[in-house]
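*Asks:* Position one of the sequence shown corresponds to residue 1 (our numbering), numbered consecutively onward.
Encoded as structure tokens, here's the structure I'll be asking about.
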Amino acid sequence: MKTLTQAATELRLTLSEQAKVEFDLIVIGGGITGARIFHQAAAQGIKVLLLEQQDFAWGTSSRSSKMVHGGLRYLASGQWRMTRDAARERENLLSELPGLVELMPYLMLHQQGDFPPAPLFHRVLSVYDKLAGTQYHKPVTLERAASWLPEFSFENVAGVSLFADGVTDDARLVLRSLQDGVLAGGVALNYAKAVCLLEDKTGVTGVEVTLDGGKSCHQLNAKCVINATGSWADKLHPLNKGELRPLRGSHLVLPFARLPVSACITFFHPKDRRPVYVYPWQGCSVIGTTDLDHRRSLDEEPGISHQEVEYLLSLANHYFPQLAIDEDDVISCWSGIRPIVTQGKSQTPSKESREHMIWSKAGLISVTGGKLTSSELMARETLEEVKKQYPTLIGQISNASFSQLTQGYADKRLKGYFGHFAADVSSMQNDDTLGVSQCQWRELEWSLQSESVAHLDDLLLRRTRLALILGEEIELYRAKLLCLCQRVLSWSDEQANSEWQRFKSIFNDSYQLPIKTTEQAKGIGI
């Protein structure tokens with residue numbers, strides 16, 4: 001059974017020897033959409049390669065709201081099919097990936113004059129549960145809700161609704177999908193940039209790819225290429241329906257002690273009446289999210305703006321006035337770019353549809369849009385398009401199951417995060433945790449050995465979420481982290497120090513508040 005690293009190392013060695021390699025399918029894009037297509041294709045017995053120009057989950061798929069949900073607001077806007085499909089996919093993920101995808105209680109707070117009011121919203125929740133085949137929603141009194149949220153201002157709150165949706169570590173969901181795809185026979189490469197498509201008179205025949213920052217270039221042939229690059233989809237090849245509208249959503253991470261919430265609290269922002277959230281995640285509390293046009297280059301790490309910081313903090317202080325939360329309370333932040341397919345930019349960002357779209361031409365399928373929860377549905381529909389072009393390549397398309405351990409394995413979290421290899425991770429010696437996180441040193445060591453880690457930021461921002469959870473306190477672990485990387489990856493002292501500086505620069509520029517990096521020069525190691 002090969003790990004991500006083993007399969008990638010073998011292919012890179014083959015390519016370095018200039019051997020000719022052909023695939024049935026090449027998937028471009030290492031986010032959740034590409035990862036689920038890759039897993040699905042490998043499970044069908046297809047010879048499949050996935051290429052990612054940065055690190056796996058580098059883009060939106062490590063910077064989402066982490067919610068695995070059907071999307072109640074899409075139901076409210078009449079997008080029944082999207083809500084139904086996403087809610088059912090949520091149930092599949094909860095069933096298959098306990099420890100990685102977990103159920104989280106939600107409290108919807110209805111202020112006087114809000115639409116829908118609590119009684120009508122309960123009816124909506126009944127439909128929501130029916131679409132998913134579940135029964136999560138329950139009536140809750142204001143008195144009971146107030147006992148759960150003593151710091152919350154219930155002024156003008158007329159009612160409360162209790163329901164449930166899923167929460168996950170989005171980057172780990174990508175990694176789990178990729179690793180299970182490798183177990184089924186696929187190969188996935190990060191830091192492998194598809195610079196152009198190969199074409200002849202019959203259509204697309206493969207891709208030209210550069211490895212290791214352009215140090216080597218290779219032409220790889222395939223029966224079909226899938227463009228699953230999210231917000232970059234129209235950069236690789238023009239789309240023939242609609243256009244992409246990159247929208248940025250940002251979040252703030254705070255210590256749980258400063259903003260103690262044990263459920264996802266959802267309400268309307270007092271400024272613009274958008275639905276927003278405060279929710280627990282990884283031992284911290286998160287405030288999110290914004291929704292505005294992203295105008296910077298997609299190749300740059302996205303970061304939060306002063307406007308978004310003010311928007312999110314004003315939300316917290318409006319509903320939790322006693323806590324007096326300010327910028328000094330923020331541990332970290334993240335910003336993700338949603339790949340929205342629009343027919344025109346006249347409407348506000350939050351009213352744009354989150355439906356996915358698929359385009360086809362000979363030898364090429366492009367897919368973008370959609371949501372984290374519906375990524376498996378997107379994968380199936382994309383492979384159906386491949387099947388139309390190559391009927392003999394793919395058999396009956398169904399959900400690709402995740403690898404399962406024996407029932408006797410007890411560590412639910414490791415089982416969810418590492419699947420087939422959870423017992424191997426568990427058997428490693430060092431089980432000490434880092435700070436307030438649940439992450440153990442042996443998980444870092446396993447990731448360095450087996451999950452295609454090329455840079456320190458891969459490890460601290462995506463394989464684990466230590467930088468997001470610890471913030472500046474990660475400096476306390478610098479020496480031990482670099483020692484581990486040097487031992488496992490054979491980094492020299494110079495390379496280790498260079499990697500720390502690279503990580504520090506990325507973190508301070510894109511995962512800290514702008515005032516801390518540009519005006520006060522606060523941050524890791526400064």
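For glycine and all other residues, C-beta sits at the position ideal for the given N, C-alpha and C.
Can you tell me whether Glu151 is helix, strand or coil according to DSSP?
*Replies:* Of the three classes helix, strand and coil, the one that applies to Glu151 here is coil, per DSSP.
*Asks:* Using a Cβ-Cβ cut-off of 6 Å (strictly less than) and excluding sequence neighbours within five positions of Asp457, which residues of its own chain qualify?
*Replies:* The answer, listed in chain order, is Phe503 and Ile506.
*Asks:* What did DSSP end up calling Gln520 once you bin it into helix, strand or coil?
*Replies:* Note on Gln520: pLDDT 45, under 50, position unreliable in the model; the coordinate value appears next. It is coil, neither helix nor strand.
*Asks:* Can you give me the start and stop residues for the beta strand (DSSP E) that Thr168 sits inside?
*Replies:* Here the beta strand (DSSP E) through Thr168 covers Val157 to Thr168.
*Asks:* In its own chain, which residues sit with a C-beta less than 7 Å from the C-beta of Leu298, not counting the 5 before and 5 after it?
*Replies:* Cβ neighbours of Leu298 beyond the five flanking positions: Ser231, Trp232, Pro246 and Ile337.
*Asks:* Who are Gln440's beta bridge partners in DSSP?
*Replies:* Bridge partners of Gln440: Thr433.
*Asks:* What residue from Lys130, His218 and Leu149 has the CA that sits closest to Thr14's CA?
*Replies:* Among Lys130, His218 and Leu149, the Cα nearest to that of Thr14 belongs to His218.
*Asks:* From Trp281 to Thr60, what distance separates their C-alpha atoms?
*Replies:* If you take the alpha carbons of Trp281 and Thr60, they lie about 18 Å apart.
*Asks:* Ordered along the chain, which non-local residues of its own chain (more than five positions away) have a Cβ less than 8 Å from that of Ser447?
*Replies:* If we look at Ser447 and ignore the five residues flanking it on each side, its Cβ neighbours are Val453, Leu459, Arg463 and Thr464.
*Asks:* For Asn497, which residues from the same chain have a beta carbon less than 8 Å from its beta carbon, with the 5 sequence-adjacent residues on both sides left out?
*Replies:* Leu482.
*Asks:* Determine the DSSP secondary structure at Lys215, reduced to helix, strand or coil.
*Replies:* Three-state result, Lys215: coil.
*Asks:* Using beta-carbon positions only, say whether Ile46 and Ile340 come within less than 8 Å of one another.
*Replies:* Cβ distance not < 8 Å, so Ile46 and Ile340 don't count as in contact.
*Asks:* Would Ala410 be called buried (16 or more neighbouring beta carbons within 10 Å of its own) or exposed?
*Replies:* Per the 10 Å Cβ criterion, exposed.
*Asks:* Where do the N-terminal and C-terminal ends of the alpha helix (DSSP H) with Asp200 fall, by residue?
*Replies:* Counting along the chain, Asp200 falls outside any alpha helix (DSSP H), though it belongs to the beta strand (DSSP E) covering Ala192 to Asp200.
*Asks:* Apart from the five residues on each side of it in sequence, which residues of its chain come closer than 6 Å, Cβ to Cβ, to His39?
*Replies:* Taken in chain order, the residues that qualify are Ser177, Asp180, Gly181 and Ala400.
*Asks:* Of the residues Arg413, Lys201 and Val174, which one's Cα is nearest the Cα of Ala422?
*Replies:* The option with the nearest alpha carbon to Ala422 is Arg413.
*Asks:* Tell whether a beta-carbon distance below 8 Å holds between Leu434 and Leu484.
*Replies:* No, the Cβ-Cβ distance between Leu434 and Leu484 is not below 8 Å.
*Asks:* Grouping DSSP H, G and I as helix and E and B as strand, with all else coil, what is Lys371?
*Replies:* Residue state, collapsed to three classes: coil.
*Asks:* Quick one: measure Cβ to Cβ for Leu469 and Ser437, integer angstroms, because I've assumed they're closer than 8 Å.
*Replies:* The residue you asked about is not Leu; residue 469 is Ile in the sequence shown. Indeed they touch by this definition, with Cβ atoms about 5 Å apart.
*Asks:* Nearest to Phe23 by alpha carbon, out of Ala43, Leu50, Arg354 and Gln440?
*Replies:* That would be Leu50, whose Cα lies nearest to the Cα of Phe23.
*Asks:* Nearest to Gln307 by CA position, among Leu211, Tyr279, Asp329 and Leu252, is which residue?
*Replies:* With distances taken between Cα atoms, Gln307 lies closest to Leu252.
*Asks:* Can you grab the Cα-Cα spacing for the pair Phe121 / Arg248, in whole Å?
*Replies:* Approximately 28 Å, taken between the alpha carbons.
*Asks:* Taking DSSP as the reference, what is the three-state secondary structure of Ala42?
*Replies:* Residue state, collapsed to three classes: helix.
*Asks:* Taking buried to mean at least 16 other C-beta atoms within 10 Å of its own C-beta, is Glu376 buried or exposed?
*Replies:* Result: buried.
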